[in-house]
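Numbering follows the UniProt record's numbering, in which position 222 of the sequence shown is assigned residue number 222; successive positions increment by one, without gaps.
The next block holds one structure in the form of structure tokens; read it before the comments.
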Amino acid sequence: MMSGHNGSEQRMEVFRSADAFMNKPINMEELVIRLKRVTAKRNRMLELILTDSLTGAFNHRYALGEIRRRLELQRDNQESFCVGGININGFQAINEQHGYPKGDQLLRQLYNYIQEQIKPYDVIVRSEADSFLILFSHAALQEAKRVLEKLIDGFPEMVREKVGKEIEATVSASLIEINHPDVSPKECIRKLDSTLHGGTENKTGQLHVIKWGEQVRKKIVRLAVIDDDPIICGMLEAQLSDIGGNDFETDLRTYGNGELFFADPWHNEHDQYLLILDGVMPRMDGLEVIKRLRSSADKRKYTIMMLTNRRGEQDVATAIQQGADDYLKKPFGMEELRARIKRLIRGNS
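Printed below as a string of structure tokens:
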């Protein structure tokens, strides 16, 4: 902020919203120095927000924005682009056997090794504890495939030279060619990660290639029925397994109480969830489940419909206030339940 007024009140008002204050007339040398400092500070903040502190690679947040940008470009130029993933096989076992500092060194060296093999405009992203993504710029499928094959073949020797001869490590890789602008960035990363981690049990390096064109997989809706009545669970499982129809792929599971739901790692996937939740259950009732979900970092991925025998308006109000998206009293009609679920699914699509 620049101003010809230099009073203390004026300066205090400026500092409520500006990063720096300069009094007119301006000293150009001072202005240049201050601009450099502000720019350097901004760049440091961007690095903290968008990069992985251990390796220096970009982080998941950056990847989502960059893939979104490339999908938007694809709508205009109709050109496909490639995203690769590379994963250290048995990384947890390496940490346990050789220590976490050695595991950190292995990750840093893998990042450096990838950087040596790719083009300057390609982007490296730390996607998981043991894996990286490579966002290729203007690389055809076969060219990107050759890069990943070279990384797989040369990785064991690089580890012996740069990390230690006692470390025996291999990597697996996956490659996806995206030729469909209507997919989402999260779908791209999820598709790549599921393929990448699906083959890591094999200690020899593998490369899985996916051409993602018009036949894009359906969006997954994970549907959880949480009710202590096994008859209700069985009935809803039978009646709702096809709720997605031709538009959505439905992954449905049932649980006798909230504790069983939270104990299942299934609820931590990146897809959207729709919970049909009984209000009164032993050990952890419906309201407790809602409170826990709505206080979690990824609370937006959960849509909740509560079922209950209670009749009071206060119970309905409490459930809605705690974060339920819809409310249905027992006994209920199956057609009404299906209609409400479809409406909730459409609202999240």
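Ideal Cβ positions, reconstructed from N, Cα and C, are used throughout, including at glycine.
Computed from a predicted structure; not experimentally measured.
Cut-off 7 Å between Cβ atoms - residues of its own chain near residue i, not counting five sequence neighbours on either side
i: Arg346; result: none
i: Lys150; result: Gln117
i: Asp104; result: Leu54
i: Leu107; result: Leu54 and Thr55
i: Arg190; result: His270
i: Glu237; result: Val225, Leu252 and Thr254
i: Val316; result: Tyr327
i: Tyr302; result: Tyr273, Leu275 and Leu293
i: Cys233; result: Val225, Asp227 and Thr254
i: Ala144; result: Cys82, Gly84, Phe136 and Leu175
i: Gln239; result: Met334
i: Ile152; result: Val171, Ala173, Gly205 and Leu207
Bridge-paired residues (DSSP) for residue i
i: His208; result: Ser174
i: Leu135; result: Val83 and Val123
i: Ile220; result: Glu249
i: Ile88; result: Val171
i: Glu96; result: According to DSSP, which records beta bridges pairwise, Glu96 is partnered with nothing at all.
i: Glu128; result: Ser131
i: Thr51; result: Phe58
Range of the contiguous alpha helix (DSSP H) that encloses residue i
i: Leu106; result: Tyr100 to Gln117
i: Ile67; result: His60 to Asn77
i: Lys162; result: Leu141 to Lys162
Beta-carbon gap between residue i and residue j smaller than 8 Å
i: Asp251; j: Leu223; result: yes
i: Tyr273; j: Ile226; result: no
i: Arg126; j: Ala173; result: no
i: Asp325; j: Leu307; result: no
i: Thr195; j: His208; result: yes
i: Asp122; j: Leu135; result: yes
i: Asn309; j: Lys330; result: yes
i: Glu259; j: Arg283; result: yes
i: Asp278; j: Gly286; result: yes
i: Tyr62; j: Leu50; result: yes
i: Asn87; j: Ser131; result: yes
i: Gly244; j: Val280; result: no
i: Gly84; j: Leu148; result: yes
i: Cys188; j: Ile67; result: yes
i: Val163; j: Lys102; result: yes
i: Asp229; j: Asn257; result: no
i: Glu128; j: Asp193; result: yes
Same chain only: Cβ atoms within 8 Å of residue i, ignoring 5 sequence neighbours per side
i: Lys203; result: The predicted position of Lys203 is uncertain, since its pLDDT is 42 and thus under 50; a value taken from the coordinates is nonetheless stated next. Answer for Lys203: Asn89, Gly90 and Thr170, listed in chain order.
i: Phe155; result: Leu110, Tyr113, Ala169, Thr170, Val171 and Gly205
i: Gln115; result: Ile124
i: Arg340; result: Met305, Asp326 and Leu328
i: Lys186; result: Leu64 and His270
i: Leu141; result: Ser80, Cys82, Leu175, Glu177, Val209 and Lys211
i: Ile167; result: Ile94, His98, Lys102, Leu106, Val159 and Arg160
i: Phe332; result: Leu307
i: Glu288; result: Gly258
i: Gln322; result: Leu287, Ile290, Lys291 and Arg294
Contacts around residue i, its chain only, beta-carbon distance under 6 Å, and the 5 residues preceding and following it disregarded
i: Arg217; result: Residue confidence is low: Arg217 scores 49 on pLDDT, short of 50, so the model does not pin down where it sits. Its coordinate-derived value is still stated next. Closer than 6 Å at Cβ, skipping near neighbours: no residue.
i: Asp52; result: Asn59 and Arg126
i: Ser241; result: Leu252
i: Ala319; result: Met306 and Tyr327
i: Arg338; result: none
Neighbour flag for residue i against chain C, beta carbons, 8 Å
i: Leu207; result: No chain C appears in the structure shown, which is made up of a single protein chain.
| task | Let me know the beta strand (DSSP E) ranges lying completely inside the UniProt domain "Response regulatory" (222 to 345), each 3 residues or longer, listed in chain order. | result | Those beta strand (DSSP E) runs which fall completely within the UniProt domain "Response regulatory" (222 to 345) and span 3+ residues are 248 to 255, 272 to 278, 302 to 308 and 326 to 329.
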